[in-house]
Amino acid sequence: MPRPPSVPPEKTGGAKDAHDVTENSLHAMLEVPEEGDSPYPAEQGVQTDLAGYPADPDFQLRGGFKNLMLDAASPLFGLVIRLRTLDELTNIAYVHKTVQNQVSNIREEMRQHGYATAHLEVYSYALCLHL
């Protein structure tokens, strides 16, 4: 059914839009916050020297798996690897809330791909168990 000329066409990106949202929100977690927005104590500051982690501007967080569930969770798997290298985490409440939001976003993305509710429950349980 054609749309009236006054109604703009809907943009349908589906998985691509969900991929961009997840990747952009993870990049936002890694960006240096402005003064006063930092979840770190003022005396700690932000450490920018990441010895052993050379910059790779072509690194992709998503798109490496044909399995959509693995592909959607791969940024969180990377977060787990990174968290295991830390001695302490002073902003645990912020990280916990962000991970909760990411898991909710991933569940919604999987729902949009047509996965059954039972599969989503098992998937999110297993994902949270790993995290």
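What the sequence shown shows, in our numbering, is residues 19 to 149, in sequence order. Using N, Cα and C, we set each Cβ at its ideal position, and we do this for glycine too. Quantities reported herein were computed from a predicted structural model and do not represent experimental measurements.
Local Cβ density within 10 Å of Leu145, reported as buried at 16 or more and exposed below that: Reading the sequence shown from its first residue, position 127 is the one you call residue 145. The residue is buried, with at least 16 neighbouring Cβ atoms inside 10 Å.
Beta carbon of Pro93 nearer than 9 Å to that of Gln130: Residue numbering aside, residue 93 sits at position 75 when the sequence shown is read from its first letter. Residue numbering aside, residue 130 sits at position 112 when the sequence shown is read from its first letter. Not in contact: Pro93 and Gln130 (Cβ atoms no closer than 9 Å).
With 16 other Cβ atoms within 10 Å as the buried cut-off, status of Ile124: Indexing the sequence shown from 1 puts residue 124 at position 106. Buried: at least 16 other Cβ atoms inside 10 Å.
Through-space distance from Thr108 to Met87, alpha-carbon basis: Within the sequence shown, residue 87 is the residue found at index 69, counting from 1. Within the sequence shown, residue 108 is the residue found at index 90, counting from 1. Whole-angstrom Cα-Cα distance: 30 Å.
CB-CB length for Val113 against Leu149, believed under 8 Å: In the sequence shown, residue 113 corresponds to position 95, counting from 1. In the sequence shown, residue 149 corresponds to position 131, counting from 1. Not really, about 10 Å apart at Cβ, beyond 8 Å.
Assigned secondary structure, Lys115 (DSSP; H/G/I helix, E/B strand, else coil): Residue 115 sits at position 97 when you count from the first residue of the sequence shown. It is helical.
Local conformation of Phe95 per DSSP, three classes: Taking the sequence shown and counting its residues from 1, the one referred to as residue 95 is at position 77. It is helical.
Counted within 10 angstroms of its Cβ, other Cβ atoms place Ala134 as buried (16 or more) or exposed: Translated into the one-based positions of the sequence shown, residue 134 becomes position 116. Flag for Ala134 reads exposed.
Residue environment, Asp13, which counts as buried when at least 16 other CB atoms sit within 10 Å: Past the boundaries of the shown model lies residue 13; the chain is included only from 19 to 149, so the question cannot be answered.
First and last residue of the uninterrupted alpha helix (DSSP H) at Ala144: On the sequence shown, position 126 is the one that residue 144 refers to. Counting along the chain, the alpha helix (DSSP H) containing Ala144 begins and ends at Thr135 to His148.
Same chain only: Cβ atoms within 7 Å of Ala111, ignoring 5 sequence neighbours per side: Locating residue 111 in the sequence shown gives position 93, counting from the first residue. Cβ neighbours of Ala111 beyond the five flanking positions: none.
Close Cβ partners of Val117 (< 8 Å) along its chain, the five nearest in sequence each way excluded: As a first step, residue 117 must be located in the sequence shown, where it is residue number 99. So the qualifying residues of the chain are Leu94, Leu97 and Leu149.
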